[in-house]
Structures are given as C-alpha cells and as structure tokens.
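A.B. asks: This is the structure I want to talk about, given as structure tokens.
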Amino acid sequence: MVSRHIGKIILSPALLLLIAILTTCSPPASKEKQKVIAHKGERHSLLAEIRERGKLIATTDYNSTSYFVYRGEPMGYQYELLKSFASYLGVKLEINVNNDLEQAFNCLYNGGCDLIASDLTITKERSEFIDFTNPIGQTKQVLIQRKPANWRKMKTWDEVESYLIRNQLDLAGKTIHVQKNSSFIERLKNLEDEIGDTIYIIEDPHRIAEQLIRQVAMGEIDYTISDENVALVNQKYYSDIDIATPVSFPQHLAWAVGKGSDLLLKEINLWIVEFKRSAESRFIYNKYFKNPRSVKITQSEYHSVTGGKISMYDDVIKEQSIKLNWDWRLLASLVYQESGFNPDVRSWVGAFGLMQLMPRTAEKYGIDSLSSPGENIIAGVKFLKWLDNQFEDLVEDDQERIKFVMASYNVGIAHVFDAMRLAEKYDKDPTKWNGNVDYYLRNKSDPKYYNDSVVYYGYARGEEPYNFVNDIIERYDHYKNVIN
C-alpha cells in the first residue's frame, strides 16, 4: 500500500537534361523482398492506429534545414511541417532521425515509422514500392564546385566562368563525393550513361550533403552534388562555392508512406492542399530558405549540426547530472523548460535563475538571486536529488521515478503524493506515471478529485505539471536525436 508511506511525507546541357532519368534510389532488389514490402504495405488502418496511439512517428533528415536543435530548441523545415501535420491530426509527434535513405525505406517496410518526411524525388521507379504524397516543393540537383582562388580579383565574370564546369560532358573523368545511399548516386550513374564516359563516384558513409559542401568550400574535395534548395542556403555562408550547374531537370519533392497506407496518404494530401494556401506555409519556408539570419544561426556553436552544444552551461549541467544519475541532456531539457537558458528570468511568484528556484528553496541551498548561473544549477540539482530520495522507496524504477521528481519540482511533492493516493484508490498503479498518476495529477483541478478524502493538499493546476513533464521528455528525445 502506498498510502501508509505517503501520508508521512510532502549532350548539350539542355539535351542532357531533357533525357535525364530522374531516379534516386534503387527499388527492392528481389521478388521475395517485393512480397515482403507488399505484405508490410497492407496498412489500411494505419491512420486509425496513429490516432489511437496518439502519436505520429516520422523519419526525417538531420541537417541544418530539415531538422536540428538551436539554442536548446528543436527546429527545421521538415520538423515544422511535421508539427503542423501532427497538430492537424490531433496527435503528438515522434521523430526518428535517418540520413540513410535505404534505412528510411526499411523503416516504412518494417512498420517502424508511419512516413518519411524528407525531400524525396518523385520517380516512377520508386513509386513501385512506396506511395508519394502530393508534392510539397520542387528542386533540382546541382553540382557544387569551388570558384578559382582569386575569383574576386578577376576583371570579368566570364573569366571566372572559364574555370568552372558548365557542360555536363566535362564531368567525364571527374571525382565526385556524395552521401552514401543518397539520391545523387543513381543520377550520376545515369549521367555516366548519357555522356558515355566515366564519372568516379565516392560514396561517403559519414558525411551528409551539407558537410560535403563544406569540404568543397574548404578545398578538401573538388565536387559534390546537392539539391538546389539546400545549396542555396549553404551558398549564403560559403561564398567561394558555385552552384549554378544543374545535373538534373526540376523535380517534385514529396513525403512517402508505405504501400497500402491509403487513408493516411489521403489525409496527408488533404492537409498539404490546405497548408500550401496558408500564411504559415510561406512563413516557414522563408524562415529556413530566405532568412538572412540563417547564416548566423548555422555558424553558431549552439547549432547541433555545426557546433554541437545545447547551451553555454553544458559543462556544469554534465557535471551535475552525474550526481543525479541522469542523462545530461535530460537535465538540460529541464533547465530549458524552466528558463530557456536565460539566467536573468524571474517568474511572477518570485522564482529566479536558470532553475527557477523559489526564494525559500534557494535559501535552503545557500544561494540567492545574486548567485552565479552555475551556483543556481548546483542548488537546483540538490533539490532534485532531495526529491529523488523521497520517492526512492516508493517508485523503484529509475526511469519512472524521474517523472515523479520532475512533476514535484514543478508543482510540489505534496500534490504528487495526492495523485499517487488517488491512483491507488481508483485501482491504477501508483508507481507508474503515464496513464496512471499523471491522469490524477492532471485532474486535481476537478472538485471530484481535489475534494476526495485521500487528497490532503486540495486543489492544484494539474495541467501545468502534466505538460511540464511531457514537454521535458519530448525535448529530451530531440536532444537524443542530434546531441551526443
């Protein structure tokens, strides 16, 4: 019984483009695999499953335009589109990062994800084993090459042009580095056939397209291929690269679902039609592809792709997380939830600092509003540790206990004990958070529950700690996706 314990505690370029075959990834290699795909694709009820589980699971690329973390906040063009679509469905969003197209397709085949939200080129060949949504955008593949070292001193642009490849025939004998399993490999192989000569293709298993663009800019490699929309963003901060030579015709870009996911596909297409007409659509596109601040953002040390830091307090967060036996990224997510990493923020009830400690709690741990951000984190962790100790004998599972601790940090431990007693009374598990204790804490604003005889501490705005825990866990999942 939990009650007893809790009660005590609180050919020509043009012709070459015309004959280009716009393929991007090989379809399943065998008839046996095609049978597996067909079987896995029988997912007519997938939309109902998504709504029942309350979560959309999508896979997308990790790069500086699709999905990344900047100053502690998950961002990205594909991420914001997915958030909008998940909101349209009325469900939460879970993202799996995958820069390997083959693995992304396998995710659909195996039912590990509901859709691929990446810039996939629509091709006849691909359509044999996946279903494309309506187009979300358009692009073309372009050659990334470096301008001559002294191009700024050249008298005319024609002189600069003389050093650059403008005719695809001139790619014969060249070495081009591309991301492994990317859409560019088949395009280059087709181009080899079209020009009747060899292009040396090196598949890089470690670097994404943007990293290869940087290598071209730094003179480490000579050529790579990129989608034009990504190349245009990168050209803003690598002025020495040239992106003006196309290697494909314009291509439709879309998301993809597994074969047989007809109702989900229909729902996505309905959303796309509505979304494209909205001001939100234009705002999100301009934010990531036309925003002059994107250069500064991408070059920041707090950008997960280029800098790899979550905040300027990462070192002290890592150090203190050991005392809690928490993943440091989880503690960082809590700090962001409390203060957005702003040490000067103060709440209307007087909580202050990175950890938003109340004055009495802060005093107990020897700090005040003049203490340093690092001291504020140390004091906050001491309080979290104290909370953890109160639950240690009540909630044995370490991962479950973390949620009880976080809720107590937000609303107070007494209200969480009340919710545990309510869970026990109504035959739920008082040692489990999701669907058990969280339900009763969330509903402690309901007289039915806050007037119950097992509730010692009355009314609470339970929606706030409920969202507090969920938001921290959700952001932590994003951090795990992109931060080592």
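For what it's worth, the working numbering labels the leading residue of the sequence shown as 9, then goes sequentially. Quick reminder that beta carbons are idealized off the backbone N, C-alpha and C, glycines included. The structure displayed is predicted, hence computed values, not measured ones.
Could you check which residue in 132, 57, 477 and 255 has the C-alpha nearest to that of residue 148?
C.D. replies: Position 140 of the sequence shown holds residue 148. Out of 132, 57, 477 and 255, 255 has the C-alpha closest to the C-alpha of residue 148.
A.B. asks: Could you compute how far the alpha carbon of residue 206 sits from the alpha carbon of residue 247?
C.D. replies: As a working mapping, residue 206 is identified with position 198 in the sequence shown. As a working mapping, residue 247 is identified with position 239 in the sequence shown. Each residue's Cα considered, the two are about 30 angstroms apart.
A.B. asks: If you pair each beta-carbon of the stretch 377-390 with each one of the stretch 426-444, do three or more pairs fall below 8 angstroms?
C.D. replies: These segments do not touch.
A.B. asks: Counting beta carbon pairs with one atom in the stretch 310-318 and one in the stretch 78-85, are three or more of them shorter than 8 angstroms?
C.D. replies: Yes: the two stretches touch, three or more of their Cβ pairs being nearer than 8 angstroms.
A.B. asks: Tell me the residue span of the beta strand (DSSP E) that contains residue 254.
C.D. replies: Reading the sequence shown from its first residue, position 246 is the one you call residue 254. Taken as a continuous stretch (DSSP letters only), the beta strand (DSSP E) holding residue 254 covers 249-254.
A.B. asks: Checking the sheet assignment: what are the DSSP bridge partners for residue 75?
C.D. replies: In the sequence shown, counting from the first residue as 1, residue 75 sits at position 67. Answer by DSSP bridge pairing, in chain order: 71.
A.B. asks: Determine, using beta carbons only, whether residue 270 and residue 139 come nearer to each other than 9 angstroms.
C.D. replies: Along the sequence shown, one-based indexing puts residue 270 at 262. Along the sequence shown, one-based indexing puts residue 139 at 131. Yes. Within cutoff.
A.B. asks: Who are the near neighbours of residue 98 in its chain, counting only those whose CB is closer than 8 angstroms to its CB and skipping five residues on each side?
C.D. replies: In the sequence shown, counting from the first residue as 1, residue 98 sits at position 90. Cβ neighbours of residue 98 beyond the five flanking positions: 59.
A.B. asks: Could you give the DSSP three-state label for residue 100: helix, strand or coil?
C.D. replies: Mapped onto the sequence shown, residue 100 falls at position 92. Strand, per DSSP.
A.B. asks: Along the chain, where does the beta strand (DSSP E) containing residue 211 start, and where does it finish?
C.D. replies: For the purposes of this step, residue 211 is taken as the residue at position 203 of the sequence shown. Unbroken beta strand (DSSP E) run through residue 211: 208-212.
A.B. asks: Residue range of the beta strand (DSSP E) that residue 263 falls in?
C.D. replies: Residue mapping note: residue 263 aligns to position 255 of the sequence shown, counting from 1. 259-266 is the span of the beta strand (DSSP E), which, as asked, contains residue 263.
A.B. asks: Mind listing, in chain order, the continuous beta strand (DSSP E) runs of no fewer than 3 residues lying wholly within the stretch 122-165?
C.D. replies: List check, beta strand (DSSP E) in window: 123-129, 138-140, 145-147 and 149-154.
A.B. asks: Where do the ends of the alpha helix (DSSP H) carrying residue 330 lie?
C.D. replies: Counting from 1 along the sequence shown, the entry for residue 330 is found at position 322. Per DSSP, residue 330 belongs to the alpha helix (DSSP H) from 322-332.
A.B. asks: How is the alpha helix (DSSP H) around residue 458 delimited, first residue to last?
C.D. replies: Translated into positions along the sequence shown, residue 458 becomes position 450. Run containing residue 458: 455-458, per the alpha helix (DSSP H) assignment.
A.B. asks: Using a Cβ distance threshold of 8 angstroms, determine whether the stretch 61-69 contacts the stretch 104-120, with at least three qualifying pairs required.
C.D. replies: Result yes; three or more Cβ-Cβ pairs closer than 8 angstroms.
A.B. asks: Would you call residue 154 buried or exposed, if buried means 16 or more other Cβ atoms sit within 10 Å of its Cβ?
C.D. replies: In the sequence shown, residue 154 corresponds to position 146, counting from 1. When all chains shown are included, residue 154 counts as buried.
A.B. asks: Do three or more CB pairs link the stretch 286-298 to the stretch 161-171 at distances below 8 angstroms?
C.D. replies: Too few Cβ pairs lie closer than 8 angstroms, so no.
A.B. asks: Where does residue 238 land, buried or exposed, given buried means 16+ other C-beta within 10 angstroms?
C.D. replies: Looking up residue 238 in the sequence shown gives position 230. Result: buried.
A.B. asks: Consult DSSP for residue 300 and reduce its assignment to one of helix, strand or coil.
C.D. replies: Residue numbering aside, residue 300 sits at position 292 when the sequence shown is read from its first letter. Correct three-state label for residue 300: coil.
A.B. asks: To the nearest angstrom, how far is the alpha carbon of residue 44 from that of residue 273?
C.D. replies: Along the sequence shown, read from residue 1 onward, the residue named residue 44 stands at position 36. Along the sequence shown, read from residue 1 onward, the residue named residue 273 stands at position 265. With a pLDDT of only 38 at residue 44, under 50, the local geometry of the prediction cannot be trusted, and no value is derived from it.
A.B. asks: Would you call residue 455 buried or exposed, if buried means 16 or more other Cβ atoms sit within 10 Å of its Cβ?
C.D. replies: Counting from 1 along the sequence shown, the entry for residue 455 is found at position 447. Result: exposed.
A.B. asks: From residue 118 to residue 124, what distance separates their C-alpha atoms?
C.D. replies: Working through the sequence shown from its first residue, we reach residue 118 at position 110. Working through the sequence shown from its first residue, we reach residue 124 at position 116. Looking at the two C-alpha atoms, the distance is approximately 13 angstroms.
A.B. asks: Mind reading off the beta-carbon distance from residue 365 to residue 391? Whole number of angstroms is fine, and I expect it under 8 angstroms.
C.D. replies: Against the sequence shown, residue 365 aligns to sequence position 357. Against the sequence shown, residue 391 aligns to sequence position 383. Residue 365 to residue 391, Cβ: 7 angstroms. Contact.
A.B. asks: Among residues of its own chain, excluding the 5 on either side of residue 489, which ones have a beta-carbon nearer than 6 angstroms to its beta-carbon?
C.D. replies: Indexing the sequence shown from 1 puts residue 489 at position 481. Closer than 6 angstroms at the Cβ level, and outside the excluded window around residue 489, lie 105.
A.B. asks: According to DSSP, is residue 234 helix, strand or coil?
C.D. replies: Counting from one through the sequence shown, the residue named residue 234 turns up at place 226. Three-state DSSP puts residue 234 in a strand.
A.B. asks: Can you list, in chain order, the residues of its chain whose CB lies under 6 angstroms from that of residue 476, leaving out five sequence neighbours each side?
C.D. replies: Stepping through the sequence shown from its first residue, residue 476 is reached at position 468. Once the five neighbours on either side are set aside, the close Cβ partners of residue 476 are 418.
A.B. asks: Taking 9 angstroms as the CB-CB cut-off, is residue 217 touching chain D?
C.D. replies: No chain D appears in the structure shown, which is made up of a single protein chain.
A.B. asks: Answer yes if the stretch 477-487 comes into contact with the stretch 340-353, meaning at least three C-beta pairs across the two stretches below 8 angstroms, and no otherwise.
C.D. replies: Touching, yes.
A.B. asks: Taking DSSP's pairing of strands, which residues face residue 295 in a bridge?
C.D. replies: Looking up residue 295 in the sequence shown gives position 287. According to DSSP, residue 295 bridges with nothing at all.
A.B. asks: Measuring CA to CA, which of 141, 57 and 126 is closest to residue 75?
C.D. replies: On the sequence shown, position 67 is the one that residue 75 refers to. The shortest Cα separation from residue 75 among 141, 57 and 126 belongs to 126.
A.B. asks: How many Å lie between residue 315 and residue 386 at the Cα?
C.D. replies: For the purposes of this step, residue 315 is taken as residue 307 along the sequence shown, with counting starting at 1. For the purposes of this step, residue 386 is taken as residue 378 along the sequence shown, with counting starting at 1. Their Cα atoms are separated by approximately 25 angstroms.
A.B. asks: Could you give the distance in angstroms between the alpha-carbon of residue 46 and the alpha-carbon of residue 137?
C.D. replies: The residue you call residue 46 lines up with position 38 of the sequence shown. The residue you call residue 137 lines up with position 129 of the sequence shown. Because residue 46 carries a pLDDT of 45, less than 50, the predicted location of this residue cannot be relied on, and no value is offered for it.
A.B. asks: Quick check on this structure: which residue in 235, 55 and 115 has the alpha carbon closest to the alpha carbon of residue 129?
C.D. replies: For this step, residue 129 is matched to residue 121 along the sequence shown. Residue 129 has its Cα closest to that of 235, out of 235, 55 and 115.
A.B. asks: Can you tell which of 146, 447, 492 and 448 has its C-alpha closest to the C-alpha of residue 317?
C.D. replies: Here residue 317 refers to the residue found at position 309 when the sequence shown is read from its first residue. Comparing Cα positions, the closest option is 492.
A.B. asks: What does DSSP give as the partner residues of residue 354 in its beta bridges?
C.D. replies: Position 346 of the sequence shown, counted from the start, is the residue given in the question as residue 354. Note: residue 354 sits in a beta bridge opposite 360.
A.B. asks: With a threshold of 7 angstroms on Cβ separation, who are the neighbours of residue 30 within its own chain once the five nearest residues in sequence on each side are excluded?
C.D. replies: Counted from its first residue, the sequence shown places residue 30 at position 22. In this prediction, residue 30 scores a pLDDT of 34, lower than 50, which makes its location untrustworthy; the coordinate-derived value is nonetheless stated afterwards. For residue 30, where only same-chain residues beyond five positions count, the Cβ hits under 7 angstroms are 129, 131, 256, 257 and 259.
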